[in-house]
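Below: the structure, in structure tokens.
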Amino acid sequence: MCCCQWQSIISINIIFSDIAEELTFASENGAYLKSQGKVLFVVEMPHYVFEKALAILVADYQGEGIICGKKSAYILETAPETFYNYTYQYYYRLARVPGFSTMFEQDTIVKMAFNSPEQMQINRQKIDRQSQNSRSIFVLIALIFELGNQINIEFAHIKAVDVFAREVNHITMRNTLLTLGSQQAEIISPDHGAC
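In this text, residue positions in the sequence shown follow my numbering: the first is -12, and each later residue adds one.
Put into structure tokens, the structure is as follows:
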């Protein structure tokens, strides 16, 4: 049996604690793969990619970002309590940090997740998208211009962006899981259904 998941490996192990040693997990959109208790691979985001993406994203995303590593997920100390509570639903090991720039020295970074200004407004139920829509497009263009084929950008939902090392994508994750599993392998996700 396989489980694909967009949450951290720590959260997945907690969710499936009673059968975790029997499963194959792909977490963080395939950046982290664990099978029957053994880590098969982790796709670490290159340090220079992390620094460039961070410089672009932090300037525009007003503190509602998550840096995901093997040990924990991290948000800024200045992030609102509502953001912490929302994020904790998906990252059961969540730490507040003074800044993101030193995260690379503390953990193996596999993903950066940032809500756009529009999504932050939606999260706070202040829907006023018209003036903000073009801002997200410029941020994405800046990421693509600066990092091009060095990253893979996924849209987590309507106006949220996840940034990974270029080797990470849903197709690779699905193919790897299917290769590891048998023809009868069931690929599930606790909150997203079949993959």
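Every residue, glycine too, gets a C-beta built ideally from N, C-alpha and C.
| Check | Outcome |
| --- | --- |
| Cα-Cα separation between residue 39 and residue 85, rounded to whole angstroms | 19 Å |
| At least three beta-carbon pairs within less than 8 Å, the region 28 to 38 to the region 67 to 83 | no |
| Runs of alpha helix (DSSP H) lying entirely within the region 58 to 105, each at least 4 residues, in chain order | 68 to 75, 90 to 93 |
| Distance CB(residue 94)-CB(residue 58) smaller than 8 Å | yes |
| Other residues of its chain near residue 145: CB distance less than 6 Å, five sequence neighbours each side excluded | Summary for residue 145: the model assigns pLDDT 43, below 50, so the residue's position carries little reliability; its value from the coordinates is reported in the next sentence. If we look at residue 145 and ignore the five residues flanking it on each side, it has no Cβ neighbours. |
| For residue 10, the three-state DSSP class (helix, strand or coil) | coil |
| CA-to-CA distance, residue 43 to residue 92, given in whole angstroms | 20 Å |
| Check whether residue 100 and residue 80 have beta carbons under 8 Å apart | no |
| Neighbourhood of residue 112 by C-beta distance below 6 Å, restricted to the same chain and skipping five residues each side | Residue confidence for residue 112 is low, a pLDDT of 47 falling below 50, so the modelled location carries little weight and cannot support an answer. |
| Candidates 10, 67, 45, of which the one nearest residue 24 by Cα | 10 |
| Neighbourhood of residue 64 by C-beta distance below 8 Å, restricted to the same chain and skipping five residues each side | 83, 84, 85 |
| Nearest candidate by alpha-carbon position, reference residue 67, set 33, 51, 8, 21 | 51 |
| Residue 56 (DSSP reduced to helix, strand or coil) | strand |
| Residue 13 vs residue 97 beta-carbon contact at 8 Å | no |
| Residue-level contact to chain C via CB, residue 57, 8 Å cutoff | The chain inventory of the structure shown lacks chain C, comprising one protein chain alone. |
| Residue 78 versus 7, 8, 15, residue with shortest Cα-Cα distance | 15 |
| N-terminal and C-terminal residue of the beta strand (DSSP E) that residue 26 is part of | 25 to 29 |
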